[in-house]
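Trainee:
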Amino acid sequence: MSELEVPFRPKRKKTLVDFFVQFRWIIVIFVVLPISSTIYFLLYLGDVRSEWKSYKTRQKEHDENVKKVVKRLKQRNAAKDGLVCTARKPYIAVGMRNVDYKRARHFEVDLSAFRNIIDIDTENMIAKVEPLVNMGQISRATVPLNVSLAVVAELDDLTVGGLINGYGIEGSSHIYGLFADTVVAYEVVLADGRVVRATKDNEFSELFYAIPWSQGTLGLLVSAEIKLIPIKEYMRLTYTPVKGSLKDLAQGYIDSFAPKDGDQDNPEKVPDFVEGMIYNPSEGVMMTGRYASKEEAKKKGNVINSCGWWFKPWFYQHAQTALERGEFVEYIPTREYYHRHTRSLYWEGKLIIPFGDQAWFRFLLGWLMPPKVSLLKATQGEAIRNYYHENHVIQDMLVPLYKVGDALEWVHREMEVYPLWLCPHRLFRLPVKTMIYPEPGFEQHKRQGDTSYAQMFTDVGVYYAPGPILRGEVFDGAEAVRKMEKWLIENHGFQPQYAVSELNEKDFWRMFDASLYEKARRKYGAVGTFMSVYYKSKKGRKSEKEVAEAEKERAEVETPDAEVE
Numbered sequence: 001m002s003e004l005e006v007p008f009r010p011k012r013k014k015t016l017v018d019f020f021v022q023f024r025w026i027i028v029i030f031v032v033l034p035i036s037s038t039i040y041f042l043l044y045l046g047d048v049r050s051e052w053k054s055y056k057t058r059q060k061e062h063d064e065n066v067k068k069v070v071k072r073l074k075q076r077n078a079a080k081d082g083l084v085c086t087a088r089k090p091y092i093a094v095g096m097r098n099v100d101y102k103r104a105r106h107f108e109v110d111l112s113a114f115r116n117i118i119d120i121d122t123e124n125m126i127a128k129v130e131p132l133v134n135m136g137q138i139s140r141a142t143v144p145l146n147v148s149l150a151v152v153a154e155l156d157d158l159t160v161g162g163l164i165n166g167y168g169i170e171g172s173s174h175i176y177g178l179f180a181d182t183v184v185a186y187e188v189v190l191a192d193g194r195v196v197r198a199t200k201d202n203e204f205s206e207l208f209y210a211i212p213w214s215q216g217t218l219g220l221l222v223s224a225e226i227k228l229i230p231i232k233e234y235m236r237l238t239y240t241p242v243k244g245s246l247k248d249l250a251q252g253y254i255d256s257f258a259p260k261d262g263d264q265d266n267p268e269k270v271p272d273f274v275e276g277m278i279y280n281p282s283e284g285v286m287m288t289g290r291y292a293s294k295e296e297a298k299k300k301g302n303v304i305n306s307c308g309w310w311f312k313p314w315f316y317q318h319a320q321t322a323l324e325r326g327e328f329v330e331y332i333p334t335r336e337y338y339h340r341h342t343r344s345l346y347w348e349g350k351l352i353i354p355f356g357d358q359a360w361f362r363f364l365l366g367w368l369m370p371p372k373v374s375l376l377k378a379t380q381g382e383a384i385r386n387y388y389h390e391n392h393v394i395q396d397m398l399v400p401l402y403k404v405g406d407a408l409e410w411v412h413r414e415m416e417v418y419p420l421w422l423c424p425h426r427l428f429r430l431p432v433k434t435m436i437y438p439e440p441g442f443e444q445h446k447r448q449g450d451t452s453y454a455q456m457f458t459d460v461g462v463y464y465a466p467g468p469i470l471r472g473e474v475f476d477g478a479e480a481v482r483k484m485e486k487w488l489i490e491n492h493g494f495q496p497q498y499a500v501s502e503l504n505e506k507d508f509w510r511m512f513d514a515s516l517y518e519k520a521r522r523k524y525g526a527v528g529t530f531m532s533v534y535y536k537s538k539k540g541r542k543s544e545k546e547v548a549e550a551e552k553e554r555a556e557v558e559t560p561d562a563e564v565e
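Under full-length UniProt numbering, the first residue of the sequence shown carries the number 1, and numbering increases by one thereafter.
1) Out of Ser172, Ala198, Leu190, which one is the CA nearest neighbour of valine 183?
2) What three-state label does DSSP hand alanine 520 in the structure shown?
3) Rounded to whole angstroms, what is the Cα-Cα separation between phenylalanine 519 and leucine 430?
4) Tell me which residues share the same chain as alanine 562 and place their Cβ nearer than 7 Å to its Cβ, disregarding the 5 neighbours each side in the sequence.
5) What residues are listed by DSSP as bridge partners for lysine 260?
6) Terminal residues of the continuous alpha helix (DSSP H) containing residue 568?
7) Does the contact criterion of 3 or more C-beta pairs under 8 Å hold for the segment 409-425 versus the segment 164-178?
8) I want to know whether the segment 436-454 touches the segment 465-479 - three or more CB-CB distances under 8 Å.
9) With DSSP as the reference, please indicate the residues paired to leucine 420 in a beta bridge.
10) I'd like to know whether the C-beta of valine 329 is nearer than 8 Å to at least one C-beta of chain B.
11) Report yes or no: do the segment 188-207 and the segment 302-314 share at least 3 C-beta pairs separated by less than 8 Å?
12) Does histidine 445 pass the burial test, meaning 16 or more other C-beta atoms within 10 Å, or should it be called exposed?
13) Just the C-alpha distance for threonine 86 and isoleucine 384, rounded to the nearest angstrom, thanks.
14) For residue 578, tell me which candidate among Leu83, Leu221, Glu443 has the shortest Cα-Cα distance.
15) Cutting at 8 Å between CB atoms, please list the residues of its own chain near phenylalanine 36, excluding the five before and the five after it.
16) Exposed or buried, leucine 228, counting other C-beta atoms within 10 Å across all chains shown (16 or more means buried)?
17) Keeping to the same chain, check which residues put their C-beta closer than 8 Å to that of leucine 158; ignore five residues upstream and five downstream.
18) Do methionine 435 and leucine 401 have their C-beta atoms within less than 8 Å of each other?
19) Alpha carbon to alpha carbon, how far is serine 245 from isoleucine 394?
20) Evaluate threonine 334 with the Cβ neighbour count: other Cβ atoms within 10 Å of its Cβ, from every protein chain shown; 16 or more gives buried, anything less gives exposed.
21) Quick one: Cα of glutamine 497 to Cα of tryptophan 213, how far?
22) Runs of 4 residues minimum, wholly inside the segment 22-90: which ones carry the alpha helix (DSSP H) assignment?
23) Just tell me which of Tyr44, Gln137, Thr217 has its CA closest to the CA of glycine 525.
24) Beta strand (DSSP E) containing lysine 289: first to last residue?
25) Would you tell me roughly how many angstroms separate the C-alpha atoms of residue 568 and aspartate 119, rounded to the nearest one?
26) DSSP state of asparagine 391, grouped into three classes?
27) From the DSSP secondary-structure annotation, give me the bridge partner or partners of valine 151.
28) In angstroms, rounded to a whole number, what distance separates the CA positions of valine 564 and phenylalanine 494?
29) Cα separation between glutamate 5 and lysine 269?
30) My output table needs one value for serine 172: the three-state DSSP class, helix, strand or coil.
31) Is it right to say leucine 249 is buried, meaning 16 or more other beta carbons lie within 10 angstroms of its own, or is it exposed?
32) With H, G and I counted as helix, E and B as strand and the rest as coil, what does DSSP make of glutamine 317?
33) With a Cβ-Cβ cutoff of 8 Å, do serine 148 and glutamate 233 count as a contact?
34) Give a yes or no on contact between the segment 113-132 and the segment 235-242, applying the rule of three or more CB pairs nearer than 8 Å.
35) Can the beta-carbon of isoleucine 126 be found less than 8 Å from the beta-carbon of asparagine 165?
36) Assuming contact is defined by CB atoms lying nearer than 8 Å, are aspartate 265 and glycine 289 in contact in what I supplied?
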């Protein structure tokens, strides 16, 4: 069998669940979409009311809500009550991981009031926001001021808290790193009720570095101060088709943003935004963007694409036209570019509503898109949820840039998922070793994309039904995820925890580094109050006894017993 040849798989017998999944679009169109649009509108009105308030009023309301959180934490009886978690319903989270930890006895703290932008400081270029502020909300407030977060995740519904405690990336991450790398301060309520402000150089610096990827298991995040950057009104986007083998596509992607002479910090050579989409094993389109002024965009002969209109073709399909047209350039309004994948949920919308990309649907009902992910999850039921875990893939593979070609070939052999999304990001060498970290000695190799202070990684986004499922063949989703996790561990890669994971605890701590995280857990009293990040991420139900024993074991040891590499 050649390197790219896929294994033979027998035909799969269809069940009643296949029928429900096939016609789920009926519920989506007549139930989920109308409710989603109503919720979006009501949230928008709430955001507008919040923006009308003065900074002083918003800060005062924030401080009062923090006091309520502190009061609620102090009501907990450690001997009788379960571990602390938020009161948010399990289906609200955008990620696909089952939030089964909330099925065990737990002590809820309501953070639903924390969804306000407290301040946009254009003088110091800092945005102070609460954790439930989402990307659509903050871009709506900042872009008209010609400033923006340095990293704006593509989907409107992704929240600041989720992107910090979990994982967040965008096409600008090859410059600024992951979303959490752009945060300058966290306001956190600790297990004992103390409210602290953690920065990289104050007394809570260990907490500052430990919070990213911790899934809210060190304390309750109540606000964050995030870096702003100056921007312009438009994005000048160049679409470049690349054809050849998967290794050729990977190299074309690398060459689109990483100068071969190593001059990675030169803005003349490195674009502001980068994104790649692999449509099949031999074709892909690489997109590079640079901020452009309104005056430049409206010059005679330039093409402006307002891709945010509901009737416009879905962005990934529009980009795919470069395979026939050849390289082309257009100007997209900046905010519309930021959220280019929202309406179609990348390409997942094609599976949710098979005809959703058709012109007639876009014109008639496209304004209702996208369905809220939380409502999709709330209406799917246990059987359909399990079906998606077995017959669908929503995973991100964070891999060193020089291994992107290997990753693409692995995904083709084991999953056959297309399109694939490519987005680079820096992984900085920090003063301490965090849960994710660059390869030791990476700077000595001077590979394309790397600098002395950061190794370039890439997110390989794998979102869709695998090829075997589309062909009606047997596919073991759980086994495919296990193989993917094994490959990531062997290749110094990382798996974002929003996704379904099959890792046992030993392998979880082989993938991630436990040292700083466990130290912060003990130092700030999180052990015995908040569930550990592994048990929070672990697939399946977590019995109260299982979690309690794990927490007790951690409380009794001074160093983590998990294997760390």
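Glycine is no exception: its CB is placed at the ideal position from the N, C-alpha and C atoms.
Mentor: In terms of the structure at hand:
1) Here the closest residue by C-alpha is Ala198.
2) When DSSP states are grouped into helix, strand and coil, alanine 520 belongs to the helix group.
3) Before going on, a small fix: residue 519 reads as lysine here, not phenylalanine. Between lysine 519 and leucine 430, the C-alpha separation is close to 17 Å.
4) Residue placement at alanine 562 is flagged as unreliable, the pLDDT there being 39, under the threshold of 50; the coordinate-derived value follows with that caveat. Within the same chain, alanine 562 has close Cβ partners Glu505, Lys506, Trp509, Ala514.
5) Answer is none; lysine 260 lacks a bridge partner.
6) Because the chain is modelled from 1 through 565, residue 568 falls outside the range shown and cannot be assessed.
7) The segment 409-425 and the segment 164-178 touch, with no fewer than 3 CB-CB distances between them shorter than 8 Å.
8) no
9) Ile278, Val462
10) Absence of chain B from the displayed structure is noted, only one protein chain being present.
11) Taking one beta carbon from each stretch, the segment 188-207 and the segment 302-314 have fewer than 3 pairs nearer than 8 Å; the two do not touch.
12) exposed
13) 26 Å
14) Past the edges of the chain, shown from 1 to 565, lies residue 578, and the structure says nothing about it.
15) According to the sequence shown, residue 36 is serine rather than phenylalanine. For serine 36, where only same-chain residues beyond five positions count, the Cβ hits under 8 Å are Leu368, Pro370, Pro371, Lys372, Leu375.
16) buried
17) Val94, Asn134, Met135, Gly168
18) no
19) 24 Å
20) buried
21) 8 Å
22) If we require 4 residues or more, the alpha helix (DSSP H) runs fully inside the segment 22-90 come out as 33-52, 55-74.
23) Thr217
24) Note that residue 289 is glycine in the sequence shown, not lysine. First-last of the beta strand (DSSP E) with glycine 289: 283-292.
25) Given that the chain is displayed from residue 1 to residue 565, the structure contains no residue 568 and the question cannot be resolved.
26) helix
27) BP columns for valine 151 are empty, so no partner.
28) Its pLDDT being 35, under 50, valine 564 is placed unreliably by the model, and nothing is read from it.
29) 37 Å
30) coil
31) buried
32) helix
33) no
34) Look at the beta carbons and you see the segment 113-132 not touching the segment 235-242: under three pairs across the two are nearer than 8 Å.
35) Taking 8 Å as the Cβ cut-off, isoleucine 126 and asparagine 165 do not qualify as a contacting pair.
36) no
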